[in-house]
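Accompanying notes for the structure given below.
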Amino acid sequence: MSVGNQFGATLVEPVDENETAAILRDANETGRAVIPTGGGTKLDWGNPPRRADVMLSTRHLNRVLEHAWADLTVTVEAGCTVAELQSTLAQHGQRLAIDPLWPERATIGGILATNDSGSLRLGYGALRDLIIGITLVLADGTIAKSGGKVVKNVAGYDLPKLATGGFGTLGVITRAVFRLHPLPRNTRTLTIAVDGADAMQRVILAILNAQLAPAAVQARNGNVDILLEGTLDGIAAQQAALKEFGEVREGSLEVWKAREELWGEGTIVKFTILPSRIAAASAFFSRFVIQATGIGYARFDADLARLRTAMEQDGGSLVILGRTKLDAWGSPGDALPLMRAVKSQFDPKGTLNPGRFVGGI
Amino acid sequence: MNPKTAPETLDQLRGILGPHGLISSSEELRTYECDGLTNFRVIPSAVVLPDSTEQVQAVVRVCHRERIPFVARGSGTGLSGGALPVAGGIVICLARMKRILEVDLPNARVVVEPGVINLDVTGRVASANYFYAPDPSSQSVCSIGGNVAENSGGAHCLKYGFTTTHVLGLEVVLPDGSLVNFGGLTLDTPGYDLAGVFVGSEGTLGIATKITLRIVKRPECVRTLLAAFHSPTEAGSAVSGIIAAGMLPAAIEMMDNLAIQAAEAAVHANYPDCGGLLLVELDGPVAEVDALMAHVDEICRQHGAWEIRVAQSEEERALVWKGRKAAFAAMGRISPNYIVQDGVIPRTSLPQILSEIDQLSTETGLRVANVFHAGDGNLHPLVLYDRRIAGQEKAAERLSERILELCIEKGGSITGEHGVGEEKKHMMSKMFAEPDLDTMQRVRCAFDPFQLSNPTKVFPRTRLCGEKPGEYVPHPLELAGVAERF
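Same order as they appear, the protein sequences are chains A and B.
For the record, in the first sequence the residue sitting at position 350 is 1144 according to our numbering, with numbers rising by one throughout.
For the record, in the second sequence the residue sitting at position 95 is 97 according to our numbering, with numbers rising by one throughout.
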């Protein structure tokens, strides 16, 4: 997918935060809707915007501003691709501990807005846990910073978390600060073949309940993959312990691309469930990837409404990552009026991505 | 603001809570006049002790209708005046809501009421080898509701994260009395991450009445190493060495000589008498920890450690931590009064700020003891003074403020885990620009348009919610005399 005028909007590509602010202020005053975009890999996520006049690309805001490697932090502009950031960080043996979709094209702003962390979340937390500072440009042109450059900081409201997963409906992310992790000394991917959904769930819960420290665990059809990181001794000992749960094969890092490989034909859904409901959830799908944290991805072309009802009744959720006739989000619960109130404080005219988010926000 | 709650309002509150759920006599109210930061005191006009979400809702509805400000309170151990009452307001004390409602071990989740004590969560799941990770030093008395308000940290948040990392869902009574749910049992529930913004909002966005927590499987082993250095600067360079070697310990703590003396006097932790003491804890699978611990030992020696001990038993480990966690209270052994600060710096600025603090100490003649969460750059300088000596309290306040300014100058923060509260709200404008603060206040206005929930805290001034940024327009409430600017 390329950055394009999918919505028939005018493409603008500001070169800095001030220009971003000027474009937004102008659009806001003249009643034009703005669709922020980075690499354009997820423009079909969320609902179609009600209006789309200006497509604001962060393409030129692509610098790694400060890699404070000795402090394990980085300040990066929103339009920098994930791969570009990681290669800069790797020069000092560090990384942002995430493995999102399409890292070569996806940008930092885009993965934040869509909250795409990946399977490393089990070991290192999600984007919400790794972001420590943010700069947002609001619809009225206000440039607002929140958080900071230190990993521990409780001064003021945590707007980095509010913006993460907000689909650009509260402000355009222009800059983010992250805490980093060292690149692992060694990594090893292991796979345990499982016979049936119950066995799959049993193995996952057993791994979570063992005193091991996997960086990632995922279930795909017939297999449970485990990513171990650390010293060779530590990895070897954990590998030996895993034998208790089944026959352990050594595999390659390629298996962690299984989520990305779901994309192709058909509708892709993201679902959230309790880990103890992995077996039940997997029964709906012929092809799936379910992370041990209870976040799953699958192809599904049957009755989405029924599937959503089943997931929600089970305490989970179902989000459609692509355009169908159905609302992409499902129920945001009883906090929807409050979410609307937040939106109207940040963007009272509905300039940013109108209608793209939950409940018509 | 109502200077005093009207008798008919008190009757209504009594009706909601019963005779034992309302405190309005002046001697009993005095118990609630401050939290752990005792130099700010305000006597509330009433204290209510609800036993259920419904009672909290009913009380908040009364407050909303009568426009009475309210302050939620847990155990009152906060160190920034977050639970300081507001004049003419009501304190809603959640200590009676202390039930652990649900324990789900297969999914590593626990649902609790806000009054549950932090350590009791671990107590409940310890037999199954789980624990609740955030561990503020006050964890044996502080409440989960208070932890949520302050986004409490602790020594082990270097590896495990803060309260916000471990809160999956919240049931919240909003300042208008309505009940909403943020997050849930599963991750990534659709919509804005309101749990993310609520945690750490210091009671200014509503009251959490039910909290879904994530618990963590206890690691296979925990090893704690003590290393004695000639100076905090040497110890600081060892910390840099450990981080640069690609390790993420569960905790790295540092104490200077004054802090060591105080801890020794208080709990006899048997620390080596040295200029800078480092406490490094690694946890995880045995083979991994053993390999890394050897490396930590080597790095410490390279940076000048002259004595290294590894705790040989759980008892020894507990004693090591007891000394560290008692460090604040222990100051009472070596000084009549002290101020605790909570600044944060990028960790690499540690040697520089230490020498600057040292210089300030020399200039003012006030002793400063230093206790740090060294791994994440969170400083707890303790400024020692004697209130009986004229001018010393002011000088101590000025010195501790100056330390926070130094933190800001180094790109750090005025608070890492204690919160802004009442104490540091005037420092917020030094850390954030006006548009930054104004944007935060937009969140406040969405949650609490009448500014009733802990209204005078965190921000240097309240923004009336009909107000346009940048220009002063009297709010209708202000004109009607219902509200005023602080």
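Glycine included, C-beta positions come from ideal geometry on N, C-alpha and C.
Proximity of residue i and residue j at Cβ, strictly below 8 Å
| i | j | result |
| --- | --- | --- |
| glycine 243 of chain B | isoleucine 336 of chain B | no |
| valine 175 of chain B | phenylalanine 184 of chain B | no |
| glutamate 35 of chain B | glycine 80 of chain B | no |
| leucine 906 of chain A | leucine 974 of chain A | no |
| alanine 370 of chain B | alanine 329 of chain B | The sequence given here places valine at residue 370 of chain B; alanine does not occur at that position. Not a contact, by the Cβ cut-off of 8 Å. |
| leucine 850 of chain A | valine 828 of chain A | yes |
| alanine 846 of chain A | alanine 803 of chain A | yes |
| alanine 376 of chain B | isoleucine 213 of chain B | no |
| threonine 985 of chain A | aspartate 1019 of chain A | yes |
| glycine 186 of chain B | glycine 171 of chain B | yes |
| valine 931 of chain A | leucine 1021 of chain A | no |
| proline 192 of chain B | proline 1069 of chain A | no |
| glycine 83 of chain B | leucine 39 of chain B | yes |
| proline 1008 of chain A | isoleucine 998 of chain A | no |
Residue i versus residue j: straight-line alpha-carbon distance, rounded
| i | j | result |
| --- | --- | --- |
| valine 848 of chain A | aspartate 810 of chain A | 17 Å |
| leucine 855 of chain A | cysteine 874 of chain A | 7 Å |
| tyrosine 474 of chain B | glutamate 236 of chain B | For tyrosine 474 of chain B, the pLDDT reaches just 42, beneath the cut-off of 50, and the residue's location in the model is therefore unreliable, although a value from the coordinates is still provided. Computed Cα separation, rounded: 52 Å. |
| threonine 226 of chain B | arginine 319 of chain B | 6 Å |
| arginine 389 of chain B | leucine 103 of chain B | 45 Å |
| glutamine 1107 of chain A | glycine 950 of chain A | 36 Å |
| asparagine 812 of chain A | alanine 872 of chain A | 14 Å |
| leucine 19 of chain B | valine 93 of chain B | 13 Å |
| leucine 1120 of chain A | threonine 206 of chain B | 37 Å |
| leucine 280 of chain B | phenylalanine 1039 of chain A | 40 Å |
| arginine 922 of chain A | leucine 250 of chain B | 19 Å |
| glutamate 425 of chain B | glutamine 885 of chain A | 42 Å |
Neighbourhood of residue i by C-beta distance below 6 Å, restricted to the same chain and skipping five residues each side
| i | result |
| --- | --- |
| aspartate 122 of chain B | none |
| valine 127 of chain B | Ile217 |
| arginine 1150 of chain A | Gly840, Asn841, Pro843 and Phe961 |
Pick from the options that is closest to residue i, judged by C-alpha positions
| i | options | result |
| --- | --- | --- |
| isoleucine 967 of chain A | A:Gly927, A:Glu1054, A:Ile1084 and A:Ala1096 | A:Gly927 |
| valine 112 of chain B | B:Val93, B:Ala135, B:Ile92 and B:Gly91 | B:Ala135 |
| methionine 295 of chain B | B:Val312, B:Leu280 and B:Gln304 | B:Val312 |
| leucine 401 of chain B | B:Gln443, B:Gly414 and B:Glu358 | B:Glu358 |
| arginine 1071 of chain A | A:Leu837, A:Ile1089, A:Asp1019 and A:Thr831 | A:Ile1089 |
| serine 77 of chain B | B:Tyr273, B:Gln394 and B:Ser140 | B:Ser140 |
| phenylalanine 461 of chain B | B:Thr7, B:Glu204 and B:Ala8 | B:Glu204 |
| leucine 1056 of chain A | A:Arg1081, A:Ala1074, A:Ala1075 and A:Glu1048 | A:Arg1081 |
| leucine 439 of chain B | A:Thr985, A:Ala1135 and A:Ile937 | A:Ile937 |
| methionine 954 of chain A | B:Phe449, B:Val445 and B:Ile262 | Sequence inspection shows proline at residue 954 of chain A; the methionine mentioned does not correspond to that position. The option with the nearest alpha carbon to proline 954 of chain A is B:Val445. |
| glutamate 407 of chain B | B:Asp344, B:Val118 and B:Leu215 | B:Asp344 |
| aspartate 1027 of chain A | B:Glu419, B:Val291 and B:Leu187 | B:Val291 |
| alanine 1092 of chain A | A:Ala821, A:Ser881 and A:Ile1062 | A:Ile1062 |
| cysteine 144 of chain B | B:Pro116, B:Cys159, B:Lys161 and B:Phe133 | B:Pro116 |
| valine 62 of chain B | B:Ile45, B:Pro21, B:Asp178 and B:Arg75 | B:Asp178 |
Cβ shell of residue i (< 7 Å), same chain only, five flanking positions each side left out
| i | result |
| --- | --- |
| threonine 165 of chain B | Pro136, Asn149, Val150, Asn153, Ser154 and Val201 |
| serine 796 of chain A | Residue placement at serine 796 of chain A cannot be trusted, given a pLDDT of 36 that sits under 50; what the coordinates show is reported in the next sentence. Excluding positions up to five away in sequence, the list reads Gly834. |
| arginine 1117 of chain A | Asp838 and Pro842 |
| phenylalanine 972 of chain A | Thr867, Val868, Leu890, Leu924, Ile925 and Ile926 |
| valine 182 of chain B | Val174 and Leu176 |
| proline 234 of chain B | Met256, Asp258, Gly277, Gly278, Leu356 and Asn372 |
| glycine 1124 of chain A | Arg1102, Glu1106, Ser1111, Leu1112 and Val1113 |
| isoleucine 902 of chain A | Val870, Ala872, Cys874, Val876, Leu879 and Ala970 |
| asparagine 947 of chain A | Ile926 and Gly941 |
Amino acids of chain C, ordered along the chain, whose beta-carbon sits closer than 9 Å to that of residue i
| i | result |
| --- | --- |
| histidine 975 of chain A | Going by chain labels, chain C is absent from the structure shown, which instead holds the protein chains A and B. |
Residues near residue i by beta carbon distance below 8 Å, same chain, minus five either side
| i | result |
| --- | --- |
| lysine 470 of chain B | With a pLDDT of only 48 at lysine 470 of chain B, under 50, the local geometry of the prediction cannot be trusted, and no value is derived from it. |
| serine 1046 of chain A | Thr983 |
| alanine 331 of chain B | Ala268 |
| proline 348 of chain B | Gly379, Lys412, Gly413 and Gly414 |
| leucine 8 of chain B | It should be pointed out that residue 8 of chain B corresponds to alanine in this sequence rather than to leucine. Hits under 8 Å: Glu68. |
| glycine 1153 of chain A | Trp1123, Pro1126, Leu1130, Met1133 and Arg1134 |
heavy atom of the ligand FAD below 7 Å from residue i C-beta
| i | result |
| --- | --- |
| glycine 965 of chain A | In the structure shown, the ligand FAD is absent, as is every other ligand, since no ligand is present at all. |
Three or more beta-carbon pairs under 8 Å between the segment 958-968 of chain A and the segment 1137-1147 of chain A, yes or no?
-> yes
Would you call the segment 368-385 of chain B and the segment 902-916 of chain A in contact, with 3 or more CB pairs under 8 Å?
-> no
Is it true that the segment 92-111 of chain B meets the segment 49-62 of chain B, where meeting means three or more beta-carbon pairs spaced less than 8 Å apart?
-> yes
Report yes or no: do three or more beta-carbon pairs, one from the segment 266-281 of chain B and one from the segment 193-200 of chain B, lie closer than 8 Å?
-> no
So, do the segment 941-950 of chain A and the segment 886-904 of chain A have three or more beta carbon pairs nearer to each other than 8 Å?
-> no
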